[in-house]
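Asker: My questions all concern the structure below.
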Amino acid sequence: MRSVDRVREFFAQRDLTIEVKELAASTRTAQLAADAVGAPLGSIVKSLIFIADDDRTILALVAGDQRADPAKIARRVGAQTARIATGEEVRARTSYAIGGVPPVAHVTPLETLIDDTLLRFETVWAAAGAPNALFAISTKTLLELTRGRVDEIVERMTTD
Ligand code: 5CA
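Given below as structure tokens:
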């Protein structure tokens, strides 16, 4: 099954009417995705794979306008360190390719952390299995489906 259809299947199995859109334009990065759907950059969910020093795979859902903080991510899951996965590792551990990793529809559910700044938005957009596929979802439903822990996992931005 195509990776985009695996995401569709995930929603169908749960009777969720969430439309997966395959666009003509690339949505490989959060900025491209924001431009393609006309949504604020912060409402684009980056689905980032981190690997802890004990080899656990962590899925971090981060707002498009924020930078994930690996030290905070490690701390939240009780690891010493965590690092962003390489493209090859992302493919091996999720079956999806970078630019299309979805926050849901993983073969086995991943330990998930959710950037608390995503709570600014009632609706967010996330990748749907391919670098031109997205879906809109209520933030509340995303939290329920991923059973993620909402926490401070991004770099603090200072304006001074
Ligand atoms: N479809 C878009 C918007 S939802 C998307 O998937 N964005 S993303 O942020 O979740 O995926 C791109 C991320 O992959 C980048 O933020 C970056 O952290 C990571 N990435 C990009 N290139 C590489 C690479 N060569 N190695 C490891 N990670 C990479």
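With the numbering used here applied, the sequence shown covers 1463 to 1622.
The C-beta atom is built at its ideal place from N, Cα and C for all residues, glycine as well.
It should be emphasised that the depicted structure is a prediction, and the values quoted were computed from it without experimental measurement.
Indicate whether the contact test is met: 3 or more Cβ pairs, each with one atom in the segment 1578–1589 and one in the segment 1610–1622, closer than 8 Å.
Answerer: yes
Asker: Is it buried or exposed for P1571, if we count other Cβ within 10 angstroms and need 16 for buried?
Answerer: exposed
Asker: Tell me whether A1492 counts as near the ligand 5CA, meaning its Cβ is closer than 6 Å to at least one heavy atom of that ligand.
Answerer: yes
Asker: With DSSP as the reference, identify every bridge partner of I1615, one or two as the case may be.
Answerer: DSSP, once it has assigned bridges, lists no residue as partnering I1615.
Asker: Relative to the ligand 5CA, is the shortest distance from any of its heavy atoms to the C-beta of A1590 smaller than 6 Å?
Answerer: no
Asker: Straight-line CA distance for I1546 to A1495?
Answerer: 21 Å
Asker: Give me the residue from R1518, V1507, G1561 with the minimum Cα distance to V1466.
Answerer: Closest by alpha carbon: G1561.
Asker: Could you tell me how far apart the beta carbons of E1573 and L1521 are, in whole angstroms, since I believe they sit closer than 8 Å?
Answerer: 7 Å
Asker: Count the other CB atoms, across all protein chains shown, that sit within 10 Å of the CB of A1487; report buried if there are 16 or more and exposed otherwise.
Answerer: exposed
Asker: Run through the DSSP bridge pairs and tell me what I1506 is partnered with.
Answerer: W1587
Asker: With respect to the alpha helix (DSSP H) encompassing L1605, which residues constitute its N-terminal and C-terminal limits?
Answerer: 1601–1608
Asker: If you drop the 5 nearest sequence neighbours on each side, which residues of the same chain put their C-beta closer than 6 Å to that of L1485?
Answerer: A1498, N1594
Asker: CA-CA distance, R1529 and V1569?
Answerer: 26 Å
Asker: Between which residues of its own chain and T1489 is the CB-CB distance below 6 Å, once the five residues before and five after are set aside?
Answerer: A1495, A1498, N1594, L1596
Asker: Would you call A1492 buried or exposed, if buried means 16 or more other Cβ atoms sit within 10 Å of its Cβ?
Answerer: So A1492 counts as buried.
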